[in-house]
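Chains A and B supply the protein sequences, listed in that same order.
Read in numbering that gives the first Met the number 0, the first sequence has 157 at position 158, and its numbers run on one by one without any break.
Read in numbering that gives the first Met the number 0, the second sequence has 30 at position 31, and its numbers run on one by one without any break.
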Amino acid sequence: MKRIQKFSMLTVLASVAAFALQPAAPVQAEEGPTVKKVKERGEVLCGVHQGRYGFATADSEGRYKGLDVDYCRAVAAAVLGDSEKVKYIPVSSVTRFPALQSGEIDMLSRTTTVTLTRDSSLGLNFGPPTFYTGTGFMVRKAAGVEKVEDMGGATVCVVPGSTTEKNIAALFRSKNMQYTPVVIENQKEMVGAYFSGRCDVMAMDQAGLPGHRQFDAKTPDDHIILEGVFSKEPLAIGVRQGDDQWYDIIKWVTYATFNAEEMGVSKENVDEMKNANNPDIKRMLGTSGDLGKKLGLDNDWAYRVVKQVGNYKEIYDNNFGANSPLKLERGLNNLWINGGLMYGFPMK
Amino acid sequence: MTVAHEANIDIKKGSSSLLHNLAFRGVAYQVLLAAAIVLLAYLLYQNVNANLEKQRIATGFDFLNETSGFDIGETLIEYDSEDSYGRALLVGIMNTLSVAACGIVLATILGTIMGIARVSRNWLASILASGYVEICRNVPVVLHVIFWASVIRNLPSPKQALSPMEGVFLANRGFIFPVPEPNPAYTWVWVALAAGLVLAFGFNYWAQKHREKTGKYIATLWPCMGIVIGLPLAAWLVQGAPLVWSVPELKGFNFRGGASLTPEFIALLIGITFYTGAFIAEIVRAGIQSVPVGQIEASRALGIRRGFIMRYITFPQALRVIVPPTTSQYLSLTKNSSLGVLIGYPDLVNVGNTTLNQTGQAVEAIAVMMAVYLGISLTISLGMNIYNRIVAIKER
């Protein structure tokens with residue numbers, strides 16, 4: 000008995016010592032730039048929404064579609080040469096930041112609002128906004144609500160950890176109205192809770208509401224989306240701090256989609272445009288200059304983005320505009336020359 | 000025992016070097032082990048901190064004092080979006096405790112009834128209890144919770160609420176019922192209730208001692224009920240019987256007045272109660288069956304009434320078998336209450352997740368949650384261990 004005791008004690012001590020004496024290995028070893036990892040893996044790990052029409056939804060065969068999805072594809076096209084080399088990882092409003100911080104995903108393209116706190120204390124960087132929206136509300140027509148002021152006392156369904164959750168707290172407080180939040184992390188459960196009548200109001204980014212009304216409501220006409228937008232929600236792609244090259248790629252892939260639209264370069268005409276008599280277009284598409292090298296990519300990166308995914312107009316129209324069931328006006332998401340906020344920085 | 004004994008001999012002999020001294024070596028090993036564990040914990044802590052620093056993620060517990068900026072649907076203490084994250088977490092803890100406490104009480108009652116019914120000679124009761132146990136313990140608890148949540152969400156809307164009696168409503172907003180308006184006189188009613196409980200326990204204890212000493216049985220049930228109900232009733236009547244009901248009414252979107260249990264609370268409570276109740280029923284059955292049949296037959300031969308046999312012969316012995324495994328059930332019920340996050344019950348995990356996400360401080364937020372669950376579980380264990388010592392066989 001004594002012998003066994005001593006033996007086991009020694010084993011424990013030895014293993015503990017071995018563990019303790021090892022150099023404190025960082026949770027993430029000295030990782031090369033994200034690009035290197037992505038190339039080795041041959042895939043971009045992209046965190047997307049579990050299901051929001053227009054931004055990211057999976058069809059019956061598991062193919063993802065949406066504006067956020069298209070930006071994953073654009074990055075894969077630029078870095079790996081093939082927009083299909085993306086592994087989509089659905090993340091919830093709560094799991095998205097830890098997933099990015101821990102390196103489970105390379106980029107977060109999931110209706111994420113840029114805020115000062117997220118940019119600083121979460122250790123993240125955000126690219127240029129790919130979509131501008133604001134908190135919106137859906138209510139049942141029968142409730143007779145026409146404006147925000149009519150919502151006093153309502154029960155509001157919302158996902159936790161979202162900027163929306165804080166916006167409604169501030170909005171109701173400023174209007175001196177009571178409300179009861181029902182906070183459900185699972186998007187599907189939350190939307191289901193509203194349509195089953197658990198809540199009077201569903202709050203989310205306004206651009207997400209029409210899709211849910213169209214596809215999740217038994218009778219879409221029974222529900223109305225309140226006029227007006229009640230907060231600023233610039234949605235952008237998030238990456239970890241500390242890898243500037245990766246951040247630059249995200250940034251300029253986004254700008255490339257804006258600039259392509261502005262310069263009239265589309266999926267269809269990109270091959271002709273490569274040789275167009277316009278130095279800006281030629282530089283962007285890599286016929287001349289060495290923009291690709293500066294980003295650590297080859298010179299065709301922007302060409303592939305447009306060829307395989309499209310310019311911003313095409314991306315928008317396919318997911319929200321004329322070519323989608325939602326038929327949303329572009330509004331703030333129009334180019335700056337058309338009165339919107341989309342402004343691609345010069346690619347020089 | 001033997002080690003210490005030999006060590007004593009060693010010391011007395013005062014033999015050889017310190018290294019061969021068993022007592023010294025025993026202590027040395029333990030000190031070394033403790034030091035190694037502390038060192039390891041320290042290194043891990045340093046490691047985590049260094050990595051967070053490298054990724055430029057905020058660290059520390061300062062966020063607990065920051066304004067939360069979000070609201071919580073169900074609060075037992077005053078809270079609004081201007082309060083701190085710390086207070087928000089406290090709201091979450093209170094919600095976890097309230098659903099866990101209700102769950103433990105209900106699961107115990109349900110489990111005991113079902114456990115007794117399973118060994119009952121009544122065929123219908125035993126079949127029903129078996130069915131309950133087999134169905135409930137073989138379905139994952141998460142499905143129980145989601146099932147009840149969807150059942151309640153599909154109840155009629157407030158305007159068409161089911162109203163089994165005046166002022167009581169059952170709708171997809173929960174269970175809404177009238178309560179008396181608060182009145183200062185009620186403080187004394189509560190005091191009287193507490194006094195009544197103490198007196199009832201005292202009386203019970205005395206009656207038991209009396210029975211053990213003289214063998215004479217004194218009925219305690221009705222006198223105890225009388226004290227527990229009578230004292231508060233008297234306190235209420237003496238103060239002029241103030242009573243104004245706050246009756247819920249449908250105004251605007253929701254019911255105003257009265258009190259309500261939210262759908263999430265009800266769904267979570269029913270889910271974890273049914274699930275854990277099934278396990279407790281099995282434990283109770285095992286406990287009852289562990290008592291030798293001979294004792295019961297002997298009691299019957301002596302002409303003791305059936306209820307008496309259960310209460311004074313079977314159950315006290317069964318408790319010794321029942322209490323330890325039931326403690327684990329209480330612990331798992333408490334931890335299972337964290338499934339509330341799935342259906343939107345604002346428990347600790349729900350609020351903790353929101354905090355985690357709004358502040359981005361995952362390590363700290365998770366550490367807080369773990370510490371709280373550990374604290375709750377250890378407290379339950381402690382309480383149950385003390386109770387176990389009371390009911391355990393006393394070696395004389």
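Where is the CB? At the ideal position from N, CA and C, for every residue including glycine.
So, with DSSP's three-state summary, where would you put His222/A? strand
With a CB to CB cut of under 7 Å and the five nearest residues on each side skipped, what residues in its chain are close to Thr313/B? So the list reads Ile287, Val290, Ile295, once near-sequence residues are dropped.
Chain A partners of Gln328/B, CB-CB under 9 Å? Those within 9 Å of Gln328/B in chain A number zero; the least Cβ separation is about 27 Å.
I'd like the ranges of any alpha helix (DSSP H) spanning at least 4 consecutive residues and lying wholly in the stretch 217-276 of chain A. 243-261, 269-272
Answer yes or no: does any C-beta atom of chain B fall closer than 8 Å to that of Gly338/A? Not an interface residue.
Return no unless some Cβ of chain B is closer than 8 Å to the Cβ of Gln100/A. yes
Have a look at Ser67/B and Ser380/B and give me their C-alpha separation to the nearest angstrom. Taking the straight line joining both Cα atoms gives about 33 Å.
How would you write the range of the alpha helix (DSSP H) that Tyr315/A sits in, first residue to last? 311-318
List, in chain order, every chain B residue whose beta-carbon is nearer than 8 Å to that of Lys165/A. Gly68, Phe69, Ser80, Gln357
Can you give me the start and stop residues for the beta strand (DSSP E) that Lys393/B sits inside? Counting along the chain, Lys393/B sits inside no beta strand (DSSP E), nor does DSSP assign it H or E at all.
Which residues in the same chain as Thr95/B place their Cβ atom closer than 7 Å to its Cβ, once the five residues preceding and following it in sequence are excluded? Ser336, Asp346, Leu347
Between the C-alpha atoms of Ile236/A and Glu65/B, what's the straight-line distance to the nearest angstrom? Going from the Cα of Ile236/A to the Cα of Glu65/B covers about 27 Å.
Output the boundary residues of the alpha helix (DSSP H) element that contains Gly210/A. 208-215
Neighbourhood of Gly152/A by C-beta distance below 6 Å, restricted to the same chain and skipping five residues each side: Gln177
Spatial distance of Val140/B from Gly339/B (CA atoms): Roughly 11 Å between the two C-alpha positions.
Pull out every residue of the stretch 322-346 of chain A whose Cβ sits closer than 9 Å to any Cβ of chain B, in chain order. none
Any beta carbon of chain B sitting closer than 8 Å to that of Ala216/A? It does not: the Cβ of Ala216/A has no partner Cβ on chain B nearer than 8 Å.
Delimiting residues of the beta strand (DSSP E) encompassing Leu249/B: 248-250
Where the beta strand (DSSP E) through Phe273/B begins and ends: Premise fails: Phe273/B lies in the alpha helix (DSSP H), 262-288, not in any beta strand (DSSP E).
Do three or more CB pairs link the stretch 252-272 of chain A to the stretch 145-159 of chain A at distances below 8 Å? Segments in contact, no.
In whole angstroms, what separates the C-alpha of Ser91/A from that of Arg72/A? 20 Å
Once the 5 residues before and after Pro164/A are set aside, which same chain residues still bring their CB inside 6 Å of it? According to the sequence shown, residue 164/A is Glu rather than Pro. Counting only Cβ-Cβ distances below 6 Å, and skipping sequence neighbours, we find Val157.
Contacts around Glu180/B, its chain only, beta-carbon distance under 8 Å, and the 5 residues preceding and following it disregarded: Val243, Trp244, Ser245
Do Ile88/A and Gly135/A count as a contact pair if the criterion is CB distance below 8 Å? no
Determine, using beta carbons only, whether Thr162/A and Thr112/A come nearer to each other than 8 Å. yes
So what's Lys64/A in DSSP terms, helix, strand or just coil? strand
Would you report the Cα separation of Glu81/B and Leu355/B, rounded to the nearest angstrom? Cα-Cα distance, rounded: 18 Å.
Roughly how many angstroms lie between the CA atoms of Ala234/B and Ala206/B, to the nearest whole one? 26 Å
Which of the three DSSP states is assigned to Arg255/B in this structure? strand
Ordered along the chain, which non-local residues of its own chain (more than five positions away) have a Cβ less than 8 Å from that of Ala17/A? Only weak support exists for where Ala17/A lies, its pLDDT of 40 falling under 50; the coordinates are left without a value.
Give the straight-line distance between the Cα atoms of Val30/B and Ser331/B, rounded to the nearest whole angstrom. 34 Å
By the three-class DSSP mapping on this structure, what secondary structure does Phe69/B have? Residue state, collapsed to three classes: coil.
Could you list which residues in chain A have their beta carbon closer than 7 Å to that of Val340/B, in chain order? Neighbours of Val340/B in chain A, taken as residues whose beta carbon is under 7 Å from its own, are Glu184 in chain order.
Residue range of the alpha helix (DSSP H) that Thr313/B falls in? Careful: Thr313/B lies outside any alpha helix (DSSP H) and carries neither H nor E.
What is the rounded straight-line gap between the Cα of Trp147/B and the Cα of Ile269/B? Each residue's CA atom was taken as its position, placing Trp147/B and Ile269/B some 7 Å apart.
Val320/B by DSSP, collapsed to three states: which one? Taken through DSSP and simplified to helix, strand or coil, Val320/B comes out as helix.
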